[in-house]
Amino acid sequence: MHAFATILGDDKAVLQPDHRPWPRYQVDEAAWIRAAHAMRNGVCTLVGYWGEAKQVHLALATASYDALCVLSLACPEGHFPSIALVHLPAARLERTIADLFHLRARGAADLRPWLDHGRWAAGVGAAPAGSAYAFLPVEGESLHQIPVGPVHAGIIEPGHFRFTACGETVVRLEERLGYVHKGIERLMAGASLAKAARLAGRISGDSTVAYAIAFAGAIEAATATRVPPRAQWLRGLMAELERIANHLGDIGAICNDAAFSVMLAHCGLLREQVLRAAEACFGHRLMMDRVVPGGVATDLTDAGAVHIEALIGEIRRCLPPLISLYDNAASLQDRTVGTGFLRPELATRFGCGGVVGRASGRAIDVRRRPSYPPYDQLAFDVPVLMQGDVNARVWIRIREVECSLALMTQMLRRLPAGPLATTIAAGDNAGSPQEGMALVEGFRGDILVWVRLNPDGSIDRCHPRDPSWFQWPLLETVIDGNIVADFPLCNKSFNCSYSGHDL
Amino acid sequence: MDAGSCNGCELEIHALNNIVYDLERFGLRFVASPRHADVLLVTGPVTVNMREALQRTYDATPAPKWVVAVGDCALDGGVFAGSYAVVGGVAKVVPVDLHIPGCPPTPQQLLSGLLALLQTTS
Ligand code: SF4
Chain R
4 MHAFATILGD DKAVLQPDHR PWPRYQVDEA AWIRAAHAMR NGVCTLVGYW
54 GEAKQVHLAL ATASYDALCV LSLACPEGHF PSIALVHLPA ARLERTIADL
104 FHLRARGAAD LRPWLDHGRW AAGVGAAPAG SAYAFLPVEG ESLHQIPVGP
154 VHAGIIEPGH FRFTACGETV VRLEERLGYV HKGIERLMAG ASLAKAARLA
204 GRISGDSTVA YAIAFAGAIE AATATRVPPR AQWLRGLMAE LERIANHLGD
254 IGAICNDAAF SVMLAHCGLL REQVLRAAEA CFGHRLMMDR VVPGGVATDL
304 TDAGAVHIEA LIGEIRRCLP PLISLYDNAA SLQDRTVGTG FLRPELATRF
354 GCGGVVGRAS GRAIDVRRRP SYPPYDQLAF DVPVLMQGDV NARVWIRIRE
404 VECSLALMTQ MLRRLPAGPL ATTIAAGDNA GSPQEGMALV EGFRGDILVW
454 VRLNPDGSID RCHPRDPSWF QWPLLETVID GNIVADFPLC NKSFNCSYSG
504 HDL
Chain W
1234 MDAGSCNGCE LEIHALNNIV YDLERFGLRF VASPRHADVL LVTGPVTVNM
1284 REALQRTYDA TPAPKWVVAV GDCALDGGVF AGSYAVVGGV AKVVPVDLHI
1334 PGCPPTPQQL LSGLLALLQT TS
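One line per chain: the protein sequences are R and W, in this order.
Going by my numbering, the first sequence wraps up at 506, each residue one higher than the last.
Going by my numbering, the second sequence wraps up at 1355, each residue one higher than the last.
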C-alpha cells in the first residue's frame, strides 16, 4: 500500500472494500494529478485507464510491478484533469473515454475522436457524424503522403496508416484505428458470466487463452474463488501452447516480409503441429472457451500429455536448424538488424509489455511479477535484449519459445491431480459490489481485465485492456527514418492486435 | 477481407497457405487487391466502422464475383450480434454466395467450402 503513499496523500483517498487482489482508492483531483506526475517521473507505470458513467479509473503499477492499485475519480460534471497532458501514453485512452463515455479530459492537447468514426447510432459516440478525420499536418519540402488501409493487401486486420515520406524514407507515420470496434464492453454489461466469458475469449482471437485466463482471474478475484490447482496448471499449459503457436507464426511471418519465405514454410509447419496438438488435447485448435471462470472446461488425458511431450520434442529438434538459418542468412539479417529501432526509454515510459518491451530492455513479464499460478511455482527465464530492433524482437521470440517449452515440460511433470473447476460464488456479498482485476501475460504482453459484478452474479462493468494500447503508439516512432518497404517488417515485428485494441 | 473479426478466423485462413493445406495446389490463391479477385473471403460481424470499406471492396471486385462469408460472426454477428457497433452479418451489406460456419472454421472446413464453391461455379 505504501508504494503509492505519496500519490494518495494523507487522508483524502478512500479505500474501497471488495476490490481484489489489489486495492482501489476513490481519490480527489489532486491525487489524480500526483499520479500523472508519478508516471511521468517513472515512479509508476500506467497499466490501465478506463471510464464508466461519471467516473474514470486508473490502474498503476510500481516500476517493478511488485505492487499495483486502482485510482478512481468521480467526475459528476463530465470532465476530469487530463493525465495525457502530463504523461503522453494516456492520450489514446483518454480519447476513447471521451468516445465511449462522453467524459472530457480537461487540458488534453488532442481532443480528436479515436475509436468513434462518427458512424454509430446517434447518442452512442461523441464524434460528429460524417466529419472527416483530421490527420496531423506535416510540412516540409518534397514530402508526399501514402495512405494505406483500412483494407490491406495481406490477410491482416483493418487499420489505416498515413505515411509521410521523403523519397523512400518515412518521415512520419500516423495511425488511425477503431475500424474493428465491436462494442464489446457494452455487450458485456449485464451479460451472464458464461456469455461474457465467450466474449472475453473473442477480444483478440490469437490471445483467446490469455484473455480467458485474465477474465476468469478477474472474476475469481472479485468473488474470492479458489481455483483448483489442476485447473491452474492446465491453464498454464494452454497459455504456453498459445504463446509458442503465435511466436512461431510471427518469426516465420517477419522473415517472410523480408522475402525469406523458407522460414515461413518451416515455422508455419511447426505452428500447425502446435494447433493440432491443441485440438487433440483440448478439443479446439485455438483452445477457445477451454478456460472458464472457476477452472477449465477440458481435462488433459494421459494420451494428451504424451502428445504434448512429443510436440515439445519435435519443436526442440526442428528449432535449432531454423535458428541458424535465420542467423546465417546475410540478406535476411540485412533487413532485420538495425531496422525499426525502439528506444528503451520510450518502451519504459509507455509501459510497453511483451516481446516489444523486452527487446528494448524492459524486463517486465507479469508471469514473473506480480505473478499468478502456476508460474509462481515454476522456474523460468525472462529473456531481455537492449538492441530494440526487428532482429532483437525476433530473438526474444526465439528465446521465449525455448522458455515455454521448458515451462511445459515442468508443468507436464508436476501436473497436480484433482477437480477441473469450482463454482463461482458470485452475488452473495450483501454490502458493496464485488470487483476484481487480473493481469495475465499473453504472447503479446500483459493483458489487464477489470470487472465489477452485479448482485445477481452478472457483469456490471468489464474493461479488458490489450497490450497493444501501449505498443501501437511506439510503432509510429520506430518507422521514422526507415524506408517505406521496411514498414511491413516493423509492423510484423510488433504484431499489435487491432481487434484487441479497438474492442 | 476482415470486416471486424476477432482475428481468429484470419489465423485459420492464414493456415490455408501453410505447406500442409497448400491452397495453391487447388488453383486458389490470395491476391493483394480486390481488383485481382474473383472471390471475396469476408470475416467478422461487419462493424459499423467497416461497412463502407466492405461495400467499396465489393464494388472494386470485377464481375463475375463470389462472396464467401467465413465464421459464425459473418453469418449474423455471432457473439457480437446486437451491438451498436456491429451491422450483424456480411449479407446485410453485400450478397453472400456461401457461408462457412465455425468459430473459427478449421482450415479443412475452409478448404472444403472453397472447393465446393469451385465445383458449383465451374
Ligand atoms: S467467427 Fe469466431 S473466430 Fe471468427 S471472427 Fe468471429 S469470433 Fe472470431
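Heads up, the beta-carbon is just placed ideally off N, CA and C, and yes, glycines get one too.
None of the values given here were measured: they were computed from a predicted structure.
In the DSSP assignment, residue 1291 of chain W falls within the alpha helix (DSSP H) that extends over 1284-1293.
Shown here, residue 352 of chain R sits in a helix according to DSSP, grouped into three states. Residue 429 of chain R sits in coil when the DSSP states are folded into three classes, being neither helix nor strand. The beta carbon of residue 151 of chain R lies closer than 6 angstroms to those of 164 in the same chain, with the five residues before and after it left out. At a cut-off of 9 angstroms, the C-beta of residue 334 of chain R has no neighbouring C-beta in chain W. Identification of residues in the region 176-189 of chain R having a C-beta nearer than 7 angstroms to some C-beta of chain W yields 181, 182, 183, 184, 185, 186, 189, given in sequence order. Contacts with chain R at 9 angstroms (Cβ-Cβ) do not include residue 1345 of chain W.
Within 8 angstroms of the CB of residue 1278 of chain W, the CB atoms of chain R belong to 185, in sequence order along the chain. Interface flag for residue 1244 of chain W against chain R is set, since a Cβ pair is found closer than 9 angstroms. Judged by DSSP in its simplified three-state form, residue 486 of chain R adopts strand. Counted as a single uninterrupted DSSP element, the beta strand (DSSP E) harbouring residue 440 of chain R occupies residues 438-445.
Relative to the non-hydrogen atoms of ligand 1, the Cβ of residue 1240 of chain W comes within a distance shorter than 8 angstroms of at least one.
The closest CA to that of residue 316 of chain R, considering only R:412, R:357, R:395, R:270, is found on R:412. Along the region 91-144 of chain R, the beta strand (DSSP E) occurs as fully enclosed runs of 3 or more residues at 107-109, listed in sequence order. Put simply, the backbone Cα of residue 128 of chain R is about 28 angstroms away from that of residue 197 of chain R. For residue 1303 of chain W, the CB falls within less than 8 angstroms of some heavy atom of ligand 1. Its chain contains 407, 446 as the residues whose beta carbon lies nearer than 6 angstroms to that of residue 246 of chain R, once the 5 sequence neighbours on both sides are disregarded; these appear in chain order. By the C-beta density criterion, residue 1297 of chain W is exposed, having fewer than 16 other C-beta atoms within 10 angstroms. As DSSP reads the structure, residue 53 of chain R sits in a beta bridge with R:60. Taking the C-beta atoms as reference points, residue 351 of chain R is found nearer than 9 angstroms to residue 360 of chain R.
Not a single CB atom of chain R sits nearer than 9 angstroms to the CB of residue 1333 of chain W.
Close partners of residue 1318 of chain W in chain R (Cβ separation under 7 angstroms): 123, 184, 185, 186.
By the Cβ test, the region 1288-1303 of chain W is in contact with the region 1327-1346 of chain W, since at least three Cβ pairs between them sit closer than 8 angstroms. Here the distance from the Cβ of residue 1280 of chain W to the nearest heavy atom of ligand 1 is not below 8 angstroms. Counting only residues of its own chain and dropping the five nearest sequence neighbours on each side, residue 1264 of chain W has a CB closer than 6 angstroms to the CB of 1270. Residue contact with chain R for residue 1312 of chain W: present (Cβ-Cβ distance below 9 angstroms to some residue of chain R). For residue 269 of chain R, the secondary structure class from DSSP, reduced to helix, strand or coil, is helix. With a cutoff of 9 angstroms on beta-carbon distance, residue 362 of chain R and residue 390 of chain R are scored as near each other. DSSP, read as helix, strand or coil, puts residue 1353 of chain W in helix. Residue-level contact by beta carbon fails for residue 1300 of chain W and chain R, as no gap is shorter than 9 angstroms. Neighbourhood of residue 211 of chain R in chain W, by CB distance below 9 angstroms: 1239, 1241, in chain order. For residue 1347 of chain W, the closest C-alpha among the options W:1299, W:1239, W:1295 is that of W:1299. For residue 502 of chain R and residue 353 of chain R, the gap between their C-alpha atoms comes out near 20 angstroms. For residue 212 of chain R, no beta strand (DSSP E) encloses it; the enclosing alpha helix (DSSP H) starts and ends at 211-225. Taking a cut-off of 8 angstroms on C-beta distances, the region 363-371 of chain R does not touch the region 1241-1249 of chain W, as fewer than three cross pairs fall below it.
Non-local beta-carbon contacts of residue 505 of chain R in its own chain, meaning distances under 7 angstroms to residues more than five positions away in sequence, involve 118, 180, 181, 182, 183, 184 in chain order.
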